[in-house]
Amino acid sequence: MLLLFELRFFGLWTLWCCCLVTGSRGCQMQYVGGINVTIDLQSDVLLPCNFEATLLGSNKTADIAAVWSHRSIPAHNLVEFRPQEVIVFWKHRGGRIKTFTNLSESGNFSILLRNVQQSDLGLYRCELHEGVNCTIAYQEVQLGLAAVSEYQESILAGASGGAALVLLLTACVCYIGTKRRLCMRKNGVWGPAIDYSVYTTVSYTMVDDCYRDGV
20 MLLLFELRFF GLWTLWCCCL VTGSRGCQMQ YVGGINVTID LQSDVLLPCN
70 FEATLLGSNK TADIAAVWSH RSIPAHNLVE FRPQEVIVFW KHRGGRIKTF
120 TNLSESGNFS ILLRNVQQSD LGLYRCELHE GVNCTIAYQE VQLGLAAVSE
170 YQESILAGAS GGAALVLLLT ACVCYIGTKR RLCMRKNGVW GPAIDYSVYT
220 TVSYTMVDDC YRDGV
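Residues 20 to 234 in the working numbering are what the sequence shown lists, from first letter to last.
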């Protein structure tokens, strides 16, 4: 009888534990999604982070928090959204991170990063936590530099082609002008050529600090 009672008690205890596990969400670390965002340096960029209400739970007083981190080497936390609209900054990047506290209750934990620097580029993660060391879900944002648009490429190509054309025209004008001067000199257009050989037979003698022609 005692053995039968112990078996029944163990069975009920196991069933109760299974019900607790089934009814609890647990720390499943659900990957919600990720996007790529491109930006020009020294511009402002919005890093989006939205979680569905089912992940937040119906209890507004639950120990739910969202944490933004920059997954650089080493990775470090930036800002934490705590219950009751409490914001904790771990690294505010010189005041360049702006939060939207009034949107956090609806599951919107997006942040605005102002005046983006080269060191700001990389992978960002927005994690939803419940309690201590329990991550429910997370999203990722890859921040990179914007590529040169086709319009900008066409402008650069046109400017390069125009500069090359100007250089070519300048070279042609210089060549034609030089060739024309040589032809004019050859044909005596600038007057008869002067024979400078006569000056090589004249000798000079210094007398009283003056030059006198020699005979």
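Note that the Cβ used here is the ideal one computed from N, Cα and C, for glycine as well.
Selection from the options that minimises the alpha carbon distance to residue i
i	options	result
V56	L186, L131, I195	L131
G76	A165, A156, L164	A156
L66	G141, A72, R101	G141
S62	T120, P102, N134, Q103	N134
E124	G114, Y143, P102	P102
M48	Q158, Y143, T118, V105	Q158
G52	E71, H111, H89	E71
C46	H89, G150, T189, K110	G150
S88	L188, Y143, I195	Y143
For residue i, the three-state DSSP class (helix, strand or coil)
i	result
Q161	strand
N121	helix
L22	With a pLDDT of 43 at L22, under the threshold of 50, the modelled position of this residue cannot be trusted, and the question is left open.
L140	coil
L184	helix
L75	helix
A190	helix
I155	strand
I92	coil
T41	Because T41 carries a pLDDT of 34, less than 50, the predicted location of this residue cannot be relied on, and no value is offered for it.
I213	Low confidence applies here, because I213 scores a pLDDT of 48, under 50, leaving its location unreliable; read the following figure in that light. In this structure, I213 counts as coil in the three-state DSSP scheme.
Cβ-Cβ distance between residue i and residue j below 8 angstroms
i	j	result
L97	I116	yes
C68	C153	no
I92	V160	no
Cβ-based neighbour list, residue i, same chain, cut-off 7 angstroms, excluding 5 preceding and 5 following
i	result
L74	L147, I155, A156
V86	N96, E99, E146, H148
S138	none
I106	V98, F100, T118, T120
A94	S88
Nonlocal neighbours in the same chain, by C-beta distance under 6 angstroms from residue i, ignoring five residues either side
i	result
D59	A165
N127	N69
F108	V98
G113	none
I195	none
Nonlocal neighbours in the same chain, by C-beta distance under 8 angstroms from residue i, ignoring five residues either side
i	result
G163	N55, V56, T57, I58, L140
E104	T120, N121, S123, E124
S129	L65, L66, P67, C68, N69, F119, L122
Enclosing alpha helix (DSSP H) for residue i [first to last residue]
i	result
A85	That residue, A85, is in no alpha helix (DSSP H); its beta strand (DSSP E) goes 83–89.
Terminal residues of the beta strand (DSSP E) in which residue i lies
i	result
V107	105–108
G53	49–58
V64	64–66
Heavy atom of the ligand MG within 7 angstroms of residue i beta-carbon
i	result
S138	This structure lacks the ligand MG, and indeed carries no ligand of any kind.
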